[in-house]
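Yeah, the sequence shown ends on 339 if you go by our numbering, and it's all consecutive. Glycine included, C-beta positions come from ideal geometry on N, C-alpha and C. Beneath this line is the structure, given in C-alpha cells, with notes to follow.
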Amino acid sequence: MRSVIVVHPRFEAIWPFAADHFRALWEAQGAVEFVRLEHGDDRKLGEIVGDCRGVERLVSIYVPVTEDCISRFTDLRETVLYGPGITAEMREELVTRGVRVYMHRSEGFWGQSVSEFALALTLCGLRRIPQTYRDMIASHETWAYEPAGGLGKPGTRGQQFGDDPNFANGTVEGKRVRIVGAGNIASRYASFVSFLGADTAAWDPFASEPSFHRADTRREYHLDRLVTDAEIFAPMVPLTEKTKGLVTAEHIRALPKGCLVVLATRAGICDMEALRERVLNDELSLAADVFDIEPLPLNDPLIGRHNVVHTPHNAGRTIDANRRWAEAIAEQFAPV
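Following this line, the structure appears as C-alpha cells:
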C-alpha cells in the first residue's frame, strides 16, 4: 500500500504547521511519500506523483487537480482533496468508484484555541492587565494604590483595590456570564468560566441539550432575557447570513451598565454601531479580538481606550489549531 501526501506552499501560507503534523501522524503508521512543492511549481497532481499505481491513500492540498489526474489513481481507496480545480463532480466520481472522500466535518479545529483566548480576554478585561502593563512602561503612577489625597472613600481606589469600579472587575467567580451560542467555542468557554465559579447561562436554539450539560451551563430560551442581567456578555456564534446582526441594538442597549462584552468569533453577529456607542460613552467595557473594521485603523476611537482590550484577530492562529486541522482529517482514514 502506498500513502502519498502532496502539499503546495499556498496552503502553508495559511496553515504552516498542518502538513508536517499530518505527515507525522501517517509516518507513525508506516511509510509515507511526502512531496512539498516549491513556490511557483504549479504542476498538476498526476505529473507530480507520476506512477500512480498502488496509491491507496492520497492527500492533495492546494495542488492543481484535473479529472485526468484523478483517473490515474486506479487503486485509490481513501483521499482528501483540497485546492484549485477540485469540483464536487470530481469527488462524486471518486465516490462512485468506491473511494472514500474525506473533508472537515466542522471547523472545530479552532475551538480550543479560540475559547482559551476568549477566557484570556475575559481576565484581561476584568483586571485591565494590558492597560496596567502599558502604564508601567510610562510611569510609576500605576503603582500608587492610595486614594486621592490619601483620604479613603468607599467604593474607590485603595491599597487593596486596584481595578476600575465603573466596569465589571475582579474575579470570574460569582459573575453572571451570559453566552450566545453553545457550539465548539461557546461550550468550551462556558465550561471554563463555570469551572472558575461563574453563574453561566447560554442561548442557542440550534444546540442539543448535551451541549449545555457539557458546558455545565443553564439553558436560556430567550435571547431578550439573556442580556438583562449580564455582568460578562460573550456572543460566540459563527457569522452566517442567519447570525449577522443577531445581537441587535436593542440587545446591546439592554446590557447592564458596566457589563464586559467579550468578542472572540466575529463582530458582525452584533450591532457594532450600538456597541461602539455604549463603549465610547463608558457604559460598557470591551475585550475584543474581532472588529467591524479589520485591520482596525490606528486612529479608531476604540484603540488604546481605558475600557477596551484589543487584539488583532489572533485567537485561532495557534500551532495547536494547525495540528487539529490535520488530525480532524487523519482521524477519518481507516486504521492501518
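For this session: Please list the segments of the alpha helix (DSSP H) lying wholly inside the segment 267-329, counting only runs of 4 or more residues, in order along the chain.
Result: 275-283
ask   = Using DSSP with H/G/I as helix, E/B as strand and the rest coil, what is residue 171?
value = coil
- Identify, in the order they occur along the chain, each residue of the same chain with its Cβ nearer than 8 Å to the Cβ of residue 174, setting aside the five sequence neighbours on each side. 129, 199 and 200
- prompt: Does the beta-carbon of residue 298 have 16 or more other beta-carbons within 10 angstroms, so that it is buried, or is it exposed?
  reply: exposed
Is DSSP giving residue 124 helix, strand or coil here? helix
- What's the gap between the Cα of residue 189 and the Cα of residue 328? 19 Å
* Asked: Going by the CB atoms, is the gap between residue 185 and residue 210 shorter than 8 Å?
  -> yes
- Message: Please confirm whether residue 174 has its beta-carbon closer than 8 Å to some beta-carbon of chain C.
- Response: Of the chains in the structure shown, none is chain C; there is only one protein chain.
Query - Counterpart residues of residue 237 in DSSP-defined beta bridges - result: 182
Q) Taking the continuous beta strand (DSSP E) assigned at residue 62, which residues delimit it? A) 58-64
### Message
Is the beta carbon of residue 237 closer than 8 Å to that of residue 91?
### Response
no
Review point. Cα-Cα, which of 161, 156, 141 and 140 is closest to residue 149?
Key: 161
query = Using a Cβ-Cβ cut-off of 8 Å (strictly less than) and excluding sequence neighbours within five positions of residue 204, which residues of its own chain qualify?
reply = 179, 180, 181, 182, 220, 221, 222, 223 and 229
Inset, instruction - Compare the beta carbon distance of residue 82 and residue 61 with 8 Å and say whether it is the shorter of the two. - result: yes
To which residues does DSSP link residue 206 through a beta bridge? 183
Thinking C-alpha only, which one of 264, 244 and 89 is nearest residue 170?
-> 264
Check: Touching or not, the segment 96-116 and the segment 306-315, by the rule of three or more beta carbon pairs under 8 Å?
Finding: no
Proximal residues to residue 247 (C-beta, below 6 Å), its chain only, five neighbours per side dropped: 271
Cβ neighbour criterion (16 or more within 10 Å) applied to residue 212: exposed
Going by beta-carbon coordinates alone, are residue 333 and residue 112 separated by less than 8 Å? no
key: DSSP bridge partner residues for residue 111 (one or two, in chain order)   = Beta-bridge pairing links residue 111 to no other residue.
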